[in-house]
Amino acid sequence: MRGRAIRARGVLVALAATACSDGPSITLPPPPDPAAVAAVLDDEGRGRVRAATDAVVAAPGEVALWRALGKTYETNDLPAQAAAAYAIALLLDPEAARTLYRAAITARKAGNGAAAFDYLDRTIDLEPGYGPAWRRRGLWKLEEGDVDAARRSFDRTAELLPDAADAPLCLARAALLADDVTEALRQTTVARERAPKDPYVRLMHGTALRRAGRVDEAEDHLVAGQGATPTFIDPWTAELRRGAESDEAIAARAQRL
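Heads up: the sequence shown begins at 11 in the working numbering, then just goes up one per residue.
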């Protein structure tokens, strides 16, 4: 398999000079080497990665194929390889907001925080009305300890997603980090009004109650929310797996050309 991958890279280098002959001159780097990750994929995953790689080798100037390769790696839990493919797609189409968003998420998962924020900020510049991007930016800022920046992003999330529990939950997390229990309780109460049965909402509300010393009130919520994780709605991410089948169809067509 490795010999085949090396030959594929050679073909791509030969084609790269003409990949964008109708547009700006761009020298595209080769796709990630499927052989390097073969050991962590099952047979189906290896087949999908190989097909998507062969497609970009055959038509390196087709941005849809690079996006399809990125999605293939991403849905197989290989964020570093996905980020590399998305980065090449962005060379060909630098203002594709959804590709920037996927590049941000995969770069973050791969441990490249600086690139992730750059991609996400570019996404927001292009699509300032997409609430989940602001929420994600706030959560990342919160992870890095920048509570003020996180709050600003969550405030924008609240404006864009006024009926969802997302913003109050995130603002509650920020308040708890800042030891502002009163604000955390206020925000989790709002979240409960919007999503009263959500286990994560109950977990956060119980946590705020316990921090406020209201242990008896907290107990039922903490039990109901034990082990819960956020169920934030992110339509662009939901499209990822739904779009995988269509991306595979694109790659199959490219291989037939």
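Note that beta-carbon positions come from the ideal geometry of N, C-alpha and C, so glycine has one too.
Residue burial classification, L187 (beta-carbon count within 10 angstroms, cutoff 16) = exposed
Measuring CB to CB, does A78 end up less than 8 Å from A65?
-> Cβ distance < 8 Å, so A78 and A65 count as in contact.
Does the stretch 127–142 touch the stretch 168–179, meaning 3 or more C-beta pairs lie closer than 8 Å?
-> yes
Where A69 and Y210 are concerned, what is the direct C-alpha to C-alpha distance, given to the nearest angstrom?
-> 45 Å
Would you check whether the ligand ATP has a heavy atom nearer than 7 Å to the C-beta of D244?
-> With respect to the ligand ATP, the structure shown offers nothing to examine, as it has no ligands at all.
In the DSSP assignment, find the alpha helix (DSSP H) that holds A95 and state where it starts and stops.
-> 89–102
Quick one: what does DSSP say L130 is sitting in, helix, strand or coil?
-> If DSSP states are grouped into helix, strand and coil, L130 belongs with the helices.
What three-state label does DSSP hand F242 in the structure shown?
-> coil
Helix, strand or coil: how does DSSP classify R14 here?
-> Caution is warranted here: a pLDDT of 37 is assigned to R14, below 50, making its placement in the model unreliable, and no coordinate value can be reported.
Whole alpha helix (DSSP H) elements within the stretch 144–182, 4-residue minimum = Whole alpha helix (DSSP H) segments, 4+ residues: 157–170.
Beta-carbon gap between V191 and A222 smaller than 8 Å | yes
Give me the Cα-Cα distance between E227 and R204, rounded to the nearest whole angstrom.
-> Across the structure, E227 and R204 are spaced so that their CA atoms are roughly 20 Å apart.
Beta-carbon of A92 versus every beta-carbon of chain B: anything under 8 Å?
-> Although the question refers to chain B, the structure presented lacks it and comprises just one protein chain.
Which stretch, first to last residue, makes up the alpha helix (DSSP H) that contains T63?
-> Run containing T63: 53–68, per the alpha helix (DSSP H) assignment.
The alpha helix (DSSP H) enclosing T199, as first and last residue numbers = 191–204
Can the beta-carbon of T133 be found closer than 8 Å to that of A114?
-> yes
Look at the Cβ atom of A62, then the Cβ atom of T82, and state whether they are nearer than 8 Å.
-> At a Cβ-Cβ threshold of 8 Å, A62 and T82 count as neighbours.
Member of G123, T247, A177, R183 whose CA lies at the smallest distance from the CA of L152 = Measuring from the Cα of L152, the nearest candidate turns out to be R183.
First and last residue of the uninterrupted alpha helix (DSSP H) at V211 = 209–221
Can you give the beta carbon distance from L130 to R146, rounded, assuming they're within the 8 Å contact cut?
-> 7 Å
Burial state of V59 (16 or more Cβ within 10 Å) = buried
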